[in-house]
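A.B. asks: Can you keep this structure in mind? I'll have questions shortly.
Number of protein chains: 2
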Amino acid sequence: MLTERQLLILQVIIDDFIESAQPVGSRAISKKGDIAFSSATIRNVMADLEEMGFLEKTHSSSGRIPSEKGYRYYVDHLVSPQVTEGDKKLINNVIQDGFFEFEQVVQKSAQILSDITNYTSIILGPEVFETKLKQLQILTLSSQTAVAILVTNTGHVEHRSFSIPEEISASDLEKMVNILNDRLHGVPIVRLPEKLNTEIVDLMNKYITDFEKSYDYLKAAFFNDNPVKLYFGGKTNILMQPEFKDIDKIRSFYSMMEKEDEIANLLKDTTNGIKVRIGHENKVDAIKDLSLITATYQLNEEQMGTIALLGPTRMEYKRVVNLLNTLSHEMSDALYMWYKNNE
Amino acid sequence: MLTERQLLILQVIIDDFIESAQPVGSRAISKKGDIAFSSATIRNVMADLEEMGFLEKTHSSSGRIPSEKGYRYYVDHLVSPQVTEGDKKLINNVIQDGFFEFEQVVQKSAQILSDITNYTSIILGPEVFETKLKQLQILTLSSQTAVAILVTNTGHVEHRSFSIPEEISASDLEKMVNILNDRLHGVPIVRLPEKLNTEIVDLMNKYITDFEKSYDYLKAAFFNDNPVKLYFGGKTNILMQPEFKDIDKIRSFYSMMEKEDEIANLLKDTTNGIKVRIGHENKVDAIKDLSLITATYQLNEEQMGTIALLGPTRMEYKRVVNLLNTLSHEMSDALYMWYKNNE
DNA sequence: CATTAGCACTCGAGCAGATGGAGTGCTAAC
DNA sequence: GTTAGCACTCCATCTGCTCGAGTGCTAATG
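Laid out in structure tokens, this is it:
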């Protein structure tokens, strides 16, 4: 257990280091207004804290920097739930200002999150378990080409162009779509493939000659690609952080950022609520010297997506944690309202 | 005018430097198989070439590097139209392999272009002067929300969600869409705003009460945002180039890459065919030490878009010029076929 | 007995000088 | 005209040095 004084010093050191990115010396601390001890005393405390594993030295006579354990303690015990009014306003603006389309809001949120923090934001989702098919439409553009448009009850629109196989006539196509619309309206998107594979196939074969071919086309068009969507904000913000001063680090960062599925997995692996992963607590090598803070947003009890911020371990945890907290709640609320309207 | 020998030496130096990124010395050249002169002779030639402005030294006793004038000469006189069979195949694959949707092809082209060159590719367009409205549809999701879907004859789909103003009834909305579809079918997209503002307004006012409001919504949804689209490939490739070894350069590069409208202007300002801009030939400061190669692709005589590659001035001009040439032709051909089908 | 002043010590950053290699320009010989 | 040879230049690298910031320890202090 830490004494009051150790706690205070630890907090001051971490706060200072988060701001300056420089090792913190005993003298500098003793000069701060709210510290009443001499530098020698502080040196003793620092030595204790180092022994306990909360602090580190970069070399034998340097000032101290927080260890990962130090950050962990800081996050767990010293981050007070202070809400910055300014930040809160910004978030409210994004969320409320014309909630037209969910993706827009997500995109904008990612943007603003990275803008005000100067870290890189990643938003995953939403995984729309409750989204239902509103309409499926196929529009022929020419004798050989057509575009299929799928609309959900949330206003999400997917579309694919495809070539019409020669064996299929326009009237067959029309018939097919009619049947599909009739049968699939209101079916949750996640259950579409299953539904298609069971009931629909039989039905279709009755009415449409050579159905298999066109069906394959349709299936390929909509159900093959990864439904998970990642939104990024401030991908280059990280360049401004002093810890990214050597190229190799930048390279490895960006090459990781390109592996979207890996990032998606990273963000999926989270419990509800806010989670802070510091340095080696991350399982992916490329970010073992960064911190990742994730928060989930949801609708009812159903998890829908994740908001995350990626920055140096020397992160403004206090601010960021509260920011994510606020944003995830706002998003959840907004989603709730949206769904209630579109039920 | 350059002598045969000067030409040869210049070519060898530039080729070597493009490959190695290191100043080229006289000894290294004399050792190459196809050079029959001693290093001393080559030194003399190099001195001449430097005097003429084609070469530079990084310091008084260094090897030579090409000047911008040198590259310019190289591009204008020494780039032979050699087509790499391998590259050509790659391009053909992208273009032909299921030309479903134009945007997909563009996206994929950008990707492959950057992959095989290791530079950053930018594709602008297409500016679809000939694109016509195929269908406009409004789908109500709830009593307050709706999604508008616009489909063109090229299979391009745009959509926007919006709130339905309280004054407007569902039937009015339906009426409006019917009229719009009737009147606007086949109208080129670029002429939509004009058409809307003249004929349609009067017509609508006759049939629909309080038309202005809903019309404003519709207009805002589709015609306010920038119609120019940029596709990037390999934004991070440039990090691998040895000239990007200091952070400030990386920073300025990425901050430029974020100004999409500036880049769009850069790419718009081009005549038909291939254009190489070397270093200071670029008007934008941030890329004054890079080279930008642009090629247009088109349909009939109408310019439609631009493909570009951005890399260090030390670029593989030979390869890249031919690559862009091939790709732009392939894209033009593909576009031509596509339009013919959808006429 | 906790706190603090004082001092010796350590380490890194930054600068000056030495060294060696790669490359040039010039001159004289072929 | 071409080339061998040589003096010269500059950079990159290494070494040694100093200086300042910071520590740990000890002894004095309240």
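First to last, the sequence lines map onto chains P and V. In this text, residue positions in the first sequence follow this note's numbering: the first is -3, and each later residue adds one. In this text, residue positions in the second sequence follow this note's numbering: the first is -3, and each later residue adds one. Just so you know, even glycine gets a beta-carbon here, dropped at the ideal spot from N, CA and C.
#1: Got a sec: is the Cβ-Cβ distance from F33(V) to anything in chain P below 9 Å?
#2: Could you name the residues of chain P that R68(V) contacts, counting a contact when the two beta carbons are closer than 8 Å?
#3: Within a Cβ cutoff of 7 Å, which residues of the same chain sit near I91(P), ignoring the five residues on either side of it in sequence?
#4: Would you call the region 179 to 188 of chain V in contact with the region 170 to 182 of chain P, where contact means no fewer than 3 C-beta pairs closer than 8 Å?
#5: So with CB distances below 8 Å, who are the chain P contacts of I145(V)?
#6: Whether or not the region 223 to 242 of chain V and the region 266 to 281 of chain V are in contact is what I'm after, with contact meaning three or more pairs of Cβ atoms, one per stretch, closer than 8 Å; do they touch?
#7: Mind checking A350(V): buried by the 16 CB within 10 Å criterion, or exposed?
#8: Suppose only complete runs of 3+ residues qualify. What are the beta strand (DSSP E) ranges in the region 263 to 317 of chain V, listed by chain order?
#9: At a Cβ threshold of 9 Å, is F240(V) touching chain P?
#10: Check V224(V) in the structure and name its three-state DSSP category.
#11: Taking K130(P) as the query, report the chain V residues whose CB atoms sit under 8 Å from its CB, ordered along the chain.
#12: Would you give the residue range spanned by the beta strand (DSSP E) that S117(V) belongs to?
#13: Figure out for me which residue from S167(V), L109(V), N149(V) and S139(V) has the closest Cα to the Cα of I160(V).
#14: Which residues bound the beta strand (DSSP E) around K27(P)?
#15: Among H55(V), V197(V), G49(V) and S63(V), whose alpha-carbon lies nearest the alpha-carbon of I274(V)?
#16: Quick one: list the residues of chain P neighbouring L235(V), beta-carbon separation under 8 Å, in chain order.
#17: Let me know the secondary structure DSSP gives E154(V) once reduced to three states.
#18: Looking only at DSSP bridge pairs, what is V143(P) linked to?
#19: Give a yes or no on whether the minimum CB-CB distance between E254(P) and chain V is below 9 Å.
#20: At 7 Å on the CB atoms, spell out the chain V contacts of S351(P), in chain order.
#21: Measuring only the C-alpha atoms, how far is V224(P) from A142(P)?
#22: Could you confirm whether any beta carbon from chain V is found closer than 9 Å to the beta carbon of T116(P)?
#23: What do you get for N149(V), buried or exposed, if any count of 16 or more other CB atoms within 10 angstroms of its CB means buried?
#24: Can you give, in chain order, each stretch of the alpha helix (DSSP H) that sits fully within the region 54 to 99 of chain V and has at least 4 residues?
#25: How about T232(P): is its C-beta nearer than 9 Å to some C-beta of chain V?
#26: Express the C-alpha separation of K104(P) and Y70(P) in angstroms, rounding to a whole number.
#27: Identify the continuous alpha helix (DSSP H) that holds K245(V) and give its terminal residues.
#28: How long is the line joining the alpha carbons of E190(P) and L263(V), rounded to whole angstroms?
#29: Of all the options M236(P), E254(P), I246(P) and P238(P), which has the alpha carbon lying nearest to the alpha carbon of G229(V)?
#30: Can you tell me the Cα-Cα spacing of R1(P) and V41(P), whole angstroms?
#31: Quick one: residues in its chain with C-beta nearer than 7 Å to the C-beta of N233(P), no 5 flanking neighbours on either side, listed in chain order?
#32: One question on the structure: do D11(P) and N318(P) come within less than 9 Å of each other, judged by their Cβ atoms?
C.D. replies: Inspection of the coordinates gives the following:
#1: no
#2: In chain order: nothing, as chain P lies at least about 30 Å away.
#3: V101, E326, M327 and A330
#4: Flag = no, the region 179 to 188 of chain V and the region 170 to 182 of chain P do not touch.
#5: I145, V147 and V153
#6: The answer is no - the region 223 to 242 of chain V does not touch the region 266 to 281 of chain V, with fewer than three Cβ pairs under 8 Å.
#7: Outside the shown range of chain V (-3 to 339) lies residue 350(V), about which nothing can therefore be said.
#8: 270 to 274, 286 to 295 and 298 to 308
#9: yes
#10: Here V224(V) carries a coil assignment [DSSP, helix/strand/coil].
#11: L135 and L137
#12: T116 to L120
#13: S139(V)
#14: Per DSSP, K27(P) belongs to no beta strand (DSSP E); it is in the alpha helix (DSSP H), S22 to K27.
#15: S63(V)
#16: Taking a Cβ-Cβ threshold of 8 Å, the residues of chain P close to L235(V) are I243, I246, R247 and Y250, in chain order.
#17: Here E154(V) sits in strand by DSSP.
#18: L135(P) and S157(P)
#19: yes
#20: This structure cannot speak to residue 351(P), because chain P is shown only from -3 to 339.
#21: 26 Å
#22: no
#23: buried
#24: 64 to 69 and 81 to 92
#25: Taking CB atoms only, T232(P) has a neighbour in chain V less than 9 Å away.
#26: 30 Å
#27: For K245(V), the uninterrupted alpha helix (DSSP H) run begins and ends at I243 to M253, by DSSP.
#28: Taking the straight line from one Cα to the other gives about 47 Å.
#29: E254(P)
#30: 8 Å
#31: S110, N114, Y115 and T116
#32: no
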